[in-house]
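Novice: Chains as they are written, first to last, in this note's numbering: chain A, 101 to 305; chain B, 101 to 305.
Note that CB positions come from ideal geometry on N, CA and C, so glycine has one too.
Every value quoted in this text rests on a predicted model; they were computed, and no experiment measured them.
The structure is given below, and queries will be raised subsequently.
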DNA sequence: AATAAAATGTGAAAACTGTAACAATAAAAT
DNA sequence: ATTTTATTGTTACAGTTTTCACATTTTATT
């Protein structure tokens, strides 16, 4: 229904709307959202229009209505269980995140090869990868955060997919090879920094 | 010279090339890179062509030559100093990263309002934000990683910009408002997870 | 030497994305 | 009640990005 580019924008709108709501506002206008998100007002109206969201001419858009529609689109209505694999620096930080609940996500388990990590020091139970299938089946998990070291990322991702994972948020600096039905989102700090540097023109001067 | 879309692809090529090189390969072909990066072979050739990188007809591309050109484009030749602001969960994890050196980046300092964080437990000195200007001037820093809590992100970013930062890698779930000459790259785990879920169609079934 | 095969490089077409202009409508002002 | 104003919604257009088709070059084969 909506493609990747639009999805990204809708998520921006949602963030802005949540902020507006927190400020006590009830309705908003394409221009206000434009200022907040740096997306042109026309494009915002077009996106809404295409999603079947209607405003009132001269009256703007109802914030709760918009958030409701976005909720439908992104399926926040249904709780989604997720897992995390790898409790190194990044993994440990991510497992302690508390924002998951806000998006109706539920971190149900963590996995690490190091038995020393399998303690109660984390907010979720920590297992060996041997228990992966069991956890996935029990909690109907389809999305995993992958935060293992570079050298084991490809193999681990294969194992995840083998056991039913269809979406991977990958923090390892590796281009994972996965079957067509699996989706990977890469988060790579180095690459983001590099691009930032390139674009602010640090390079030239 | 190259735009954002192309930059992202070039970074992908670079990752693939580094992998090929590690495997001992000397030359490669647009098709091999295509398989590795999921970018079409024609597009890869076009990107290279536009960057003034030439291959040999039937002979493919020389890996070292390609990496050299990419190095020039991304300015890895010159060392870039960066700082990190906020030593919470994520910040602490990022400051311990060791991959910065690979891209010729140098993490020179961290900042946190909590004096308890200002110990020697971190691989770089930790300061109060009062010392920001001093550090920025001394080390000629133009890029910062922002990993403070949501509520203080906007204010902190304003302060960073005021003191000369021109690029921000923002881990706070906030759409920062910054002047035109400043670039922000957002890294938002929730948003990435949501998009992943949306696109694998977890929602529908 | 001639031919075939495997690559690159590129101009034109297609697909996609965003913008501009403006009609339609609702609210506010007179 | 009428006019003005502000805002949405949409159609046509412009720009950007990707793909297609194929010419060109190099290497390998016969």
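1) If residue 246 of chain B and residue 137 of chain A are in contact, beta carbons under 8 angstroms, what's the gap, nearest whole angstrom?
2) Quick one: does residue 174 of chain B have its CB under 8 angstroms from some CB of chain A?
3) In angstroms with no decimal places, state the Cα-to-Cα distance between residue 153 of chain B and residue 160 of chain B.
4) Going by the beta-carbon positions, is the gap between residue 243 of chain A and residue 256 of chain A smaller than 8 angstroms?
5) Between which two residues does the alpha helix (DSSP H) carrying residue 231 of chain A extend?
6) Along the segment 280-293 of chain B, what residues have a CB closer than 7 angstroms to any CB found in chain A?
7) Please list the segments of the beta strand (DSSP E) lying wholly inside the segment 248-276 of chain B, counting only runs of 3 or more residues, in order along the chain.
8) Name, in chain order, the residues that DSSP records as bridge partners for residue 128 of chain A.
9) Contact defined as beta carbons within less than 8 angstroms: I believe residue 204 of chain A pairs with residue 182 of chain A. What is the distance between those atoms, to the nearest angstrom?
10) Using a C-beta to C-beta distance shorter than 8 angstroms, which residues of chain B count as neighbours of residue 295 of chain A?
11) List the residues of chain A that residue 137 of chain B touches, going by C-beta distances under 8 angstroms, in chain order.
12) Can you tell me the Cβ-Cβ gap for residue 194 of chain B and residue 184 of chain B, rounded? I've got them flagged as a contact below 8 angstroms.
13) Give the C-beta separation of residue 212 of chain B and residue 226 of chain B to the nearest angstrom, bearing in mind that I take them to be a contact with Cβ-Cβ under 8 angstroms.
14) Measuring only the C-alpha atoms, how far is residue 173 of chain A from residue 167 of chain A?
15) Can you find a CB in chain A that lies within less than 8 angstroms of the CB of residue 210 of chain B?
16) How would you label residue 142 of chain A, buried or exposed, when you count the other beta carbons within 10 angstroms and need 16 or more for buried?
17) Pull out every residue of the segment 118-133 of chain B whose Cβ sits closer than 9 angstroms to any Cβ of chain A, in chain order.
18) In or out: residue 280 of chain B buried (at least 16 other Cβ within 10 Å) or exposed?
19) Since residue 206 of chain B sits in a beta bridge, which residues does DSSP pair it with?
20) Please compile the residues from chain B whose C-beta is within a distance smaller than 9 angstroms of the C-beta of residue 193 of chain A.
21) Could you tell me if residue 158 of chain B is buried or exposed, where buried requires 16 or more neighbouring beta carbons within 10 angstroms of its beta carbon?
22) So which residues on chain A does residue 205 of chain B lean against when the C-beta distance must stay under 7 angstroms?
23) Could you work out which residue in B:292, B:230, B:133, B:163 is closest to residue 268 of chain A when comparing CA atoms only?
24) Would you grab the beta carbon distance between residue 295 of chain A and residue 111 of chain B for me? Rounded to a whole angstrom, and I think it's under 8 angstroms.
25) Can you tell me the Cα-Cα spacing of residue 163 of chain A and residue 102 of chain A, whole angstroms?
26) Does residue 150 of chain A get closer than 8 angstroms to chain B when you measure Cβ to Cβ?
27) Under 9 angstroms Cβ-Cβ, which residues of chain A neighbour residue 243 of chain B?
28) At least one CB of chain B closer than 8 angstroms to the CB of residue 369 of chain A: is that the case?
29) Thinking C-alpha only, which one of B:121, B:175, B:147 is nearest residue 130 of chain B?
30) Identify the continuous alpha helix (DSSP H) that holds residue 291 of chain B and give its terminal residues.
31) Taking only beta-carbon atoms, is residue 116 of chain B less than 8 angstroms away from chain A?
32) Rounded to whole angstroms, how far is the Cβ of residue 208 of chain A from the Cβ of residue 241 of chain A, which I believe are closer than 8 angstroms?
33) In whole angstroms, what is the alpha-carbon distance linking residue 105 of chain A and residue 216 of chain A?
34) So what's residue 245 of chain B in DSSP terms, helix, strand or just coil?
35) Give every residue of the same chain whose Cβ lies closer than 6 angstroms to the Cβ of residue 197 of chain B, excluding the five residues on either side of it in the sequence, and list them in chain order.
Specialist: The structure says:
1) Their Cβ separation, rounded to whole angstroms, is 19 angstroms, which puts residue 246 of chain B and residue 137 of chain A out of contact at 8 angstroms.
2) yes
3) 11 angstroms
4) no
5) Looking at the DSSP string, residue 231 of chain A is not in any alpha helix (DSSP H), and its letter there is neither H nor E.
6) 283, 285, 287, 289, 290, 291, 292, 293
7) 267-270
8) A:161
9) That belief does not hold up - the Cβ atoms of residue 204 of chain A and residue 182 of chain A are roughly 11 angstroms apart, past 8 angstroms.
10) 104, 107, 108, 111, 285
11) 275
12) 6 angstroms
13) 6 angstroms
14) 10 angstroms
15) no
16) exposed
17) 119
18) exposed
19) B:181
20) 188, 189, 190, 191, 192, 193, 194
21) exposed
22) 293
23) B:292
24) 7 angstroms
25) 20 angstroms
26) no
27) 293, 296, 297, 300, 302
28) Because chain A spans 101 through 305 in this model, residue 369 of chain A falls outside it and cannot be assessed.
29) B:147
30) 289-299
31) yes
32) 7 angstroms
33) 42 angstroms
34) strand
35) none
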